[in-house]
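First comes the structure, then the notes that go with it.
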């Protein structure tokens with residue numbers, strides 16, 4: 004071919020592929036955003052029942068049109084402790100079947116709807132002020148671009164029918180399915196989308212460059228290649244999350260291995276079920292019926308895989324536990340947040356809220372540990388105060404960075420409000436930790452100088468601590484339950500106690516009932532407890548501004 008023909012060919016192929024991938028990405032992300040709350044509720048209802056998990060994985064993937072997105076979310080949930088390994092495997096099995104909806108959609112000859120979809124989508128995206136309608140606009144834009152890209156790719160492959168080298172290469176795939184599987188897996192790893200590579204396969208087959216048998220082998224390889232996305236997402240996560248990602252690879256790899264032995268019979272079975280001959284060649288050299296056959300084979304492969312592996316989820320989990328070694332201590336991440344779930348903001352917000360709740364537990368532990376020592380002399384948890392303060396600093400840094408990144412996404416007004424509230428809560432929790440650490444430092448002085456408080460001072464500390472802890476626990480419980488009905492009277496009680504107890508301290512000092520050193524430390528502790536009450540009140544005010552959904556506890 005002339006150089007100009009090669010330029011047109013390459014431009015058509017890569018331009019069409021670019022439109023296809025961009026359209027698929029746009030449509031998938033918009034579907035994830037518009038269905039975010041529904042996805043969150045579905046995953047919240049996930050139980051240890053393998054059939055429920057499979058159904059959830061199937062439905063979620065069919066909605067968002069991306070098994071990679073589902074499995075990446077699963078890895079994030081496992082890393083956050085919201086799913087165990089067996090649950091994750093059941094979801095992955097369902098996601099593998101759910102993603103075949105994309106191939107079925109591509110196989111329909113509905114490219115005539117592409118331009119109208121783009122027109123309507125553009126109007127909704129540009130002129131609607133309703134966020135939900137904007138999402139639907141993105142969905143329609145992505146849908147239209149996907150099919151236009153598919154048509155451009157098909158047209159781009161037509162000249163290759165006249166090129167002996169390309170034709171011989173694809174014929175070789177039909178006689179060597181193992182090589183075709185490897186090629187399909189490699190191409191999917193490069194493109195990072197099995198839907199895109201299946202689209203390429205359908206374009207190749209429809210053009211007449213490859214027969215149905217060779218296309219089937221490519222599709223099998225694409226099912227292996229798609230697992231790379233979840234395994235990349237698992238980098239930096241905990242061991243169980245890595246096991247969940249490996250399970251995705253293991254299921255698809257083993258499925259392809261046994262399927263190669265029966266591929267001939269599977270091809271014949273799909274040909275029997277699907278009307279018209281897959282390799283029928285029309286007058287223009289194209290194969291008009293092969294797309295439906297390829298889509299059906301993709302569905303059949305994942306359906307058979309699901310039926311075979313579903314009863315053996317526990318054994319698959321054990322294999323993954325053996326294959327994926329324990330993390331080194333320095334690989335463990337304290338904060339269970341993954342940037343990979345940001346494409347579904349509603350779920351990302353939910354996971355961030357769970358991490359804020361975990362952070363609040365460390366802050367509460369610090370207050371409790373200092374109270375136990377000052378009120379009853381219990382030193383059992385005192386050593387954890389410094390450790391917890393370091394944890395709070397890490398949570399503050401990582402959660403804040405995550406929320407900043409999430410706020411830059413195309414999010415709803417509700418998600419934006421929740422992110423803003425969490426920023427304030429995280430800041431105040433970190434301050435509560437700082438003042439608890441100050442009390443801890445005062446305790447070290449008490450122990451070093453062997454200071455003893457008077458019985459009256461000890462009783463006052465017990466009383467004010469009781470109110471501080473009660474106010475903190477009530478406020479954080481409202482955060483968990485999504486309630487804005489918070490009684491802030493305790494904040495006034497804490498302020499009143501501090502003033503009254505300071506006056507009492509001055510009286511004891513004048514009466515020589517306590518030393519100056521003991522008095523200074525006592526006043527410092529009272530001031531710190533009042534500050535803890537103030538920052539708890541700040542959190543309560545943030546929660547009272549509006550009501551949010553309750554937080555689901557980890558499984």
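Numbering (the numbering used here), first residue to last: 4 to 558.
We treat Cβ as the ideally placed atom computed from N, Cα and C, and that holds for glycine.
Note that this is a predicted model, so its numbers are computed, not measured.
Taking buried to mean at least 16 other C-beta atoms within 10 Å of its own C-beta, is residue i buried or exposed?
| i | result |
| --- | --- |
| residue 335 | Note on residue 335: pLDDT 47, under 50, position unreliable in the model; no value is reported. |
| residue 75 | buried |
| residue 440 | buried |
| residue 493 | buried |
| residue 558 | At residue 558, the pLDDT of 48 sits below 50, so the modelled position is not reliable; the number obtained from the coordinates is stated separately. It counts as exposed. |
| residue 350 | buried |
| residue 373 | buried |
| residue 332 | Residue placement at residue 332 is flagged as unreliable, the pLDDT there being 47, under the threshold of 50; a coordinate-derived value is accordingly withheld. |
| residue 318 | exposed |
| residue 365 | buried |
| residue 193 | exposed |
| residue 488 | exposed |
| residue 77 | buried |
| residue 14 | exposed |
| residue 10 | exposed |
| residue 97 | buried |
In angstroms, rounded to a whole number, what distance separates the CA positions of residue i and residue j?
| i | j | result |
| --- | --- | --- |
| residue 570 | residue 325 | As displayed, the chain neither begins before 4 nor continues past 558, which places residue 570 out of reach and without an answer. |
| residue 485 | residue 475 | 15 Å |
| residue 79 | residue 303 | 29 Å |
| residue 392 | residue 53 | 40 Å |
| residue 473 | residue 514 | 33 Å |
| residue 462 | residue 430 | 31 Å |
| residue 528 | residue 445 | 7 Å |
| residue 520 | residue 352 | 48 Å |
| residue 62 | residue 70 | 11 Å |
| residue 224 | residue 263 | 10 Å |
| residue 109 | residue 274 | 19 Å |
So residue i is in the alpha helix (DSSP H); what residue range does that whole segment cover?
| i | result |
| --- | --- |
| residue 339 | Where residue 339 is concerned, there is no enclosing alpha helix (DSSP H), given that its DSSP letter is neither H nor E. |
| residue 76 | 70-82 |
| residue 114 | Run containing residue 114: none; DSSP gives neither H nor E here. |
| residue 292 | Counting along the chain, residue 292 falls outside any alpha helix (DSSP H), and DSSP gives it neither H nor E. |
| residue 212 | Per DSSP, residue 212 belongs to no alpha helix (DSSP H) and is neither H nor E. |
| residue 435 | 416-452 |
| residue 355 | 348-379 |
| residue 411 | Where residue 411 is concerned, there is no enclosing alpha helix (DSSP H), given that its DSSP letter is neither H nor E. |
| residue 497 | 492-513 |
| residue 533 | 519-547 |
| residue 137 | 134-160 |
| residue 255 | 242-264 |
| residue 477 | 458-484 |
| residue 2 | This structure leaves residue 2 out entirely; the chain is present only between 4 and 558. |
| residue 284 | Element bounds for residue 284: n/a, residue is neither H nor E. |
| residue 326 | 316-326 |
| residue 489 | Segment: none, residue 489 is in no alpha helix (DSSP H) and carries neither H nor E. |
| residue 234 | 231-236 |
| residue 561 | Nothing can be reported for residue 561: it is not among the residues displayed for the chain, which extend from 4 to 558. |
| residue 386 | From DSSP, residue 386 is part of no alpha helix (DSSP H); its letter is neither H nor E. |
Figure out for me which residue from the options has the closest Cα to the Cα of residue i.
| i | options | result |
| --- | --- | --- |
| residue 532 | 264, 298, 471 | 471 |
| residue 449 | 425, 394, 380 | 380 |
| residue 388 | 498, 447, 341 | 447 |
| residue 434 | 89, 539, 454 | 539 |
| residue 454 | 479, 523, 290 | 523 |
| residue 255 | 135, 305, 369, 399 | 305 |
| residue 410 | 269, 19, 425, 399 | 425 |
| residue 178 | 144, 216, 13 | 216 |
| residue 181 | 142, 266, 237, 126 | 266 |
| residue 118 | 139, 143, 14, 537 | 143 |
| residue 288 | 230, 32, 212 | 212 |
| residue 55 | 89, 27, 30 | 89 |
| residue 279 | 290, 286, 269 | 290 |
| residue 17 | 160, 131, 186 | 160 |
| residue 544 | 478, 436, 228 | 478 |
| residue 202 | 157, 363, 271 | 157 |
| residue 220 | 189, 416, 240 | 189 |
| residue 354 | 276, 402, 301 | 402 |
| residue 442 | 459, 423, 464, 422 | 464 |
| residue 73 | 437, 232, 183, 451 | 232 |
| residue 313 | 250, 345, 337, 284 | 250 |
| residue 348 | 154, 12, 33 | 33 |
| residue 416 | 525, 134, 382 | 134 |
(request) Determine, using beta-carbon pairs with one atom in the stretch 137-149 and one in the stretch 12-29, whether at least three such pairs fall under 8 Å. (result) Counting Cβ pairs under 8 Å, three or more are found: they touch.
(request) Would you be able to state if there are at least three C-beta pairs under 8 Å between the stretch 202-214 and the stretch 291-302? (result) Enough Cβ pairs lie closer than 8 Å, so yes.
(message) Any contact between the stretch 189-198 and the stretch 92-110? By contact I mean 3 or more CB pairs, one from each, below 8 Å.
(response) Touching, yes, given that three or more Cβ pairs across the two stretches are closer than 8 Å.
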